[in-house]
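The structure under discussion appears below in the form of structure tokens.
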Ligand code: NDP
Ligand code: MG
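Numbering (the numbering used here), first residue to last: 1 to 390.
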């Protein structure tokens, strides 16, 4: 039996992972499941999958979790240290699907203990790419991309030589506001931004799709994962979300990965890799689809894409700063403190301010320094937003 753990089990990716596991229950022994505030869901799945341990990120919810698991053999644990401890428990395959930088320490712990890491948490690579890739090399463990675009590129590269890759094209739906007049975007609400034309995902990544901060993170994620030069990574608007990514080779050929917009494909590919097995996802009917359309993204509408380029050019801990500032700006937008278009302004200002402070962004790539930079960028973002509100 394969031992597996799922971090972020109560979220959109976590639930899709559990859907696949539950269909083949006898093949897996579930070691750890983690959640945040959704204790009912965490306890229900821990009980039905007979997990060894269930962990909530929030210490104040430990008693609730204990009560929900009473009478069972499932251990209850809570807090950040407990998440990392659970990730250090031996497992063969670990899904990293916490949202935000909070996913980094457990993901790193899973790699250090030698598990194969199925990585949905793109923030891990954005904030700590070199550290995480080195941890995988040191322990001999494998990182498998779960982000659909990166899974698509990974699949298109099977049997290929990375040296023959000229470019990678990540597609983007354009999000909720693709066709909304630019001048009305300042008044866009979080509820409007949290609807995605094609994918059913968590609230935060859906808003990040409308602003294309999600694609900005993915460009950096692709650079870190595949070791590409920033100018080899392109973004293409493709409203149908049928092609997930394309890889262009030095002989002019392009390989495209197509599929229905269902995350169980990328999750299932990572679960069964290096095999390809049957998955319960819809099959494409291209005749019915009729046509696929493409356009270049407008950087005035999606300023986050330019910020990603700046971050890659800047290097060092700029990725950690970018991700943290983005998370705080997104909190600010959801809370109604700043407008939709102001998220990119806030993030840009934080990056400029941190860049002006010598030493911070160029500090060595250690987990401590990354977490410190994360903290610093969050408080800078709070300062910038507070000043804007005055
Ligand atoms: P959701 O918001 O649906 O779920 C997030 C999960 O993380 C939940 O289990 C949540 O717990 C938990 N969580 C939230 N905050 C914390 C915290 N501070 N510490 C520990 N756990 C926490 O997110 P998604 O499933 O949409 O996304 C998960 C990750 O996968 C993200 O990094 C996202 O970018 C990436 N991804 C998602 C895709 C998708 O289709 N959804 C596609 C590609 C990538 P609870 O809900 O119990 O509070
Ligand atoms: Mg994606």
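Note that the Cβ used here is the ideal one computed from N, Cα and C, for glycine as well.
As the structure is a computational prediction, the values presented were derived from the model and not from experiment.
Would you mind working out which of the options sits nearest residue i, comparing C-alpha positions?
i           : options            : result
residue 383 : 198, 353, 222      : 353
residue 41  : 60, 9, 363         : 9
residue 400 : 358, 327, 105, 161 : Nothing can be reported for residue 400, as the shown portion of the chain is limited to 1 through 390.
residue 164 : 226, 310, 341, 241 : 226
residue 377 : 320, 388, 363      : 320
residue 179 : 49, 239, 308, 386  : 239
residue 270 : 375, 131, 142      : 142
residue 154 : 118, 188, 130      : 118
residue 140 : 158, 306, 110, 357 : 110
residue 350 : 359, 341, 381      : 381
residue 236 : 194, 260, 293      : 293
residue 280 : 274, 299, 260      : 260
residue 72  : 88, 51, 78, 58     : 51
residue 297 : 209, 129, 389      : 209
residue 396 : 233, 375, 253, 250 : Absent from the structure is residue 396, since the part of the chain shown begins at 1 and ends at 390.
residue 335 : 275, 207, 356, 230 : 207
residue 182 : 361, 1, 88, 301    : 301
residue 278 : 78, 49, 23         : 23
residue 173 : 15, 190, 196, 356  : 196
residue 371 : 323, 389, 355      : 323
residue 275 : 190, 158, 262      : 158
residue 262 : 15, 299, 1         : 15
residue 120 : 221, 161, 1        : 221
residue 88  : 160, 11, 5         : 5
residue 253 : 160, 291, 325      : 160
residue 379 : 357, 367, 325, 356 : 325
Please work out which residues of its chain come closer than 7 Å, Cβ to Cβ, to residue i, disregarding the five sequence neighbours upstream and downstream, and give them in chain order.
i           : result
residue 304 : 211, 212, 213, 216, 344
residue 446 : Outside the displayed range of the chain (1 to 390) lies residue 446, so it cannot be described from this structure.
residue 3   : 29, 31, 90, 91, 92
residue 39  : 56, 61, 64, 65, 68
residue 289 : 240, 242
residue 369 : 317, 363
residue 76  : 54, 62, 65, 66, 69
residue 114 : 139, 140, 141
residue 389 : 337
How many whole angstroms separate the CB atoms of residue i and residue j, which I take to be in contact at a CB cut-off of 8 Å?
i           : j           : result
residue 246 : residue 169 : 4 Å
residue 192 : residue 125 : About 29 Å separates the two Cβ atoms, so there is no contact after all.
residue 346 : residue 307 : No, residue 346 and residue 307 are not in contact; Cβ-Cβ is about 11 Å, not under 8 Å.
residue 94  : residue 7   : 7 Å
Taking the CB atoms as reference points, tell me whether residue i and residue j lie closer together than 8 Å.
i           : j           : result
residue 97  : residue 21  : no
residue 55  : residue 74  : no
residue 167 : residue 99  : no
residue 112 : residue 135 : yes
residue 34  : residue 108 : no
residue 177 : residue 188 : yes
residue 101 : residue 127 : yes
residue 385 : residue 337 : yes
residue 130 : residue 340 : no
residue 58  : residue 25  : no
residue 244 : residue 152 : yes
residue 144 : residue 184 : no
Beta-carbon of residue i versus every beta-carbon of chain C: anything under 8 Å?
i           : result
residue 236 : Absent from the structure: chain C. Only one protein chain is present.
Here's a check: name, in chain order, each residue in its chain whose Cβ is nearer than 8 Å to the Cβ of residue i, leaving out the five neighbours to either side.
i           : result
residue 218 : 122, 147, 149, 150, 170
residue 230 : 219, 223, 309, 312, 313
residue 299 : 305, 306
residue 162 : 226, 227
Who are the Cβ neighbours of residue i in its own chain at under 6 Å, not counting the five residues just before and after it?
i           : result
residue 43  : 68, 69
residue 255 : 156, 247
residue 18  : 45
residue 373 : 317, 320, 321
residue 186 : 339, 341
residue 360 : 354
residue 49  : 30
residue 295 : 237
Report task. Report yes or no: do three or more beta-carbon pairs, one from the region 331-340 and one from the region 276-292, lie closer than 8 Å? Result -> no
Query raised in the report: Is the region 265-278 close to the region 195-206, with three or more CB pairs under 8 Å?
Result: no
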